[in-house]
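These notes are about the structure you will find just below.
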Amino acid sequence: MFCAVSESTKVFAVLGRSRIGTGPTQPTHNQAMCNALEILGLPCWHSTQFMSTRFGDIEMWQEAVDRKFFGAGPKFGRQEFDQLLHDFGAVSSDTPAIAFADDLIEAYPEAKVVLVERDIDSWYESWMNTVIKNTYDPFVTVVYHIDRFFTRPIARIHMTTFQGWLGISNPEDARLKSKAKYRQHYELVRSITPKDRLLEYKLSDGWEPLCEFLGKPVPDQPFPHLNEKKWVDEKLQLLLSQGMKRLAWKVLLYFLAPLTLAGLIYFLM
């Protein structure tokens, strides 16, 4: 799913399909569409923002998840989503935004919806081998419990979104439920979006139908493509490296603190 809003007024939106999904050597739909929207002049929000310039937003996204799926308060509306979207002209369907498709469509009634189609079996293979495999990787779980300031908030928002939105808490849940949830998501988006605001689209369609739908000129460059597995692996390595750096500092401080205290006591004596 992709959501785009006007940088100045936030009254125009583009929303679309479910999660990333391609085979290991094909382009990732999320990031390819993000790049395409940025080329069209719509800066795109993606969950990698959590790992770079907007880490603080993860607390507000977590609040949105807790409210919608776990009864922690009233659901977010346009006012809250305006805060989360900042000055981004587009919002990727990456986690956790994908779980708020219906809320975003309701909050932005001016929205246009781009529903990006793909083969469900290809999507399922990619989803299981990248997202699910990495989310529930035992090593990630270890770092999750150790690094509570960086890795844990990122892992938690993915796990709670999957649990609340999809009913998935482990790889076996994902194996049994993912395809049905995928179909339900597409049906939901189609059912709540007016036909004049909906574009059913494939990446292979290229620029023309997308630009016509959004009222944008066709760029004089190829449509962007990315290798999904490589891209996801790079993001996981970034997450783990940050977590391990924090772990190393904790270990260092654990051993240095007693030595420093002992040295100070010796000096004072």
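Using the UniProt record's numbering, you'd call the opening residue of the sequence shown number 1 and step up by one each time. C-beta: ideal position from N, C-alpha, C; glycine also.
If you pair each beta-carbon of the region 124-138 with each one of the region 69-84, do three or more pairs fall below 8 Å?
No, they do not touch.
Which residues in the same chain as residue 186 place their Cβ atom closer than 6 Å to its Cβ, once the five residues preceding and following it in sequence are excluded?
The answer is none, since no qualifying residue turns up.
What is the DSSP secondary structure of residue 115, counted as helix, strand or coil?
DSSP places residue 115 in strand when its eight states are reduced to three.
By a C-beta neighbour count over all protein chains shown, 10 Å radius and 16 as the cutoff for buried, is residue 149 buried or exposed?
The residue is exposed, with fewer than 16 neighbouring Cβ atoms inside 10 Å.
Contiguous beta strand (DSSP E) assignments of at least 3 residues, all confined to the region 176-208
Complete beta strand (DSSP E) runs here, min 3: 198-201.
State buried or exposed for residue 89, treating a residue as buried only when at least 16 other CB atoms are found within 10 Å of its CB.
Residue 89 is buried by the Cβ-count criterion.
As assigned by DSSP and simplified to three states, the class of residue 218:
Correct three-state label for residue 218: coil.
What would DSSP say about residue 72, mapped onto helix, strand or coil?
Residue 72 falls in the coil class under three-state DSSP.
For the alpha helix (DSSP H) that residue 85 lies in, which residues bound it at each end?
Per DSSP, residue 85 belongs to the alpha helix (DSSP H) from 78-85.
Would you mind reading off the limits of the alpha helix (DSSP H) that contains residue 151?
It spans 151-161 - the alpha helix (DSSP H) in which residue 151 sits, taken as one unbroken run.
Can you list, in chain order, the residues of its chain with a C-beta nearer than 8 Å to that of residue 218? Leave out the 5 residues immediately preceding and following it.
The beta carbon of residue 218 sits closer than 8 Å to the beta carbons of 207, 208, 211 from its chain, once the five residues preceding and following it are set aside; these are given in chain order.
Can you tell me whether residue 191 is buried or exposed? The criterion is at least 16 other CB atoms within 10 Å of its CB, across all chains shown.
That one is exposed.
Presumed contact (8 Å Cβ cut-off) between residue 199 and residue 114, rounded CB distance:
About 5 Å separates the two Cβ atoms, so the contact holds.
Can you tell me which of 138, 179, 161, 97 puts its alpha carbon nearest to the alpha carbon of residue 44?
If we check each option's Cα against that of residue 44, 97 comes out closest.
Can you tell me where the alpha helix (DSSP H) with residue 139 in it begins and where it stops?
Per DSSP, residue 139 belongs to the alpha helix (DSSP H) from 138-146.
Residue 174 versus residue 119: straight-line alpha-carbon distance, rounded
Annotation: residue 174 to residue 119 spans about 18 Å, alpha carbon to alpha carbon.
Of the residues 61, 189, 138, the one placed nearest residue 86, counting alpha carbons only
Measuring from the Cα of residue 86, the nearest candidate turns out to be 61.
Using the beta-carbon count (16 or more within 10 Å), is residue 176 buried or exposed?
Answer is exposed; the Cβ neighbour count stays below 16.
Using 10 angstroms around the beta-carbon of residue 139, count the other beta-carbons present and answer buried if the total reaches 16, otherwise exposed.
Exposed.
Taking the alpha carbon of residue 170 as the reference point, which residue from 184, 146, 183, 132 has its own alpha carbon closest?
Checked all of 184, 146, 183, 132; the closest Cα to residue 170 is 132.
What does the alpha-carbon distance come out to for the pair residue 145 and residue 152?
One alpha carbon belongs to residue 145, the other to residue 152, and they sit about 7 Å apart.
Compare the C-alpha of residue 94 against each of 106, 188, 154, 213 and name the closest.
Distances from the alpha-carbon of residue 94 to those of 106, 188, 154, 213 put 154 closest.
In or out: residue 147 buried (at least 16 other Cβ within 10 Å) or exposed?
A residue is called buried once 16 or more other Cβ atoms fall within 10 Å of its Cβ, and residue 147 is buried on that count.
Hey, quick one: how far does the alpha helix (DSSP H) through residue 94 stretch, first residue to last?
In this chain, residue 94 is not harboured by any alpha helix (DSSP H), its DSSP state being neither H nor E.
From residue 142 to residue 73, what distance separates their C-alpha atoms?
Just so you know, the alpha carbons of residue 142 and residue 73 end up roughly 31 Å apart.
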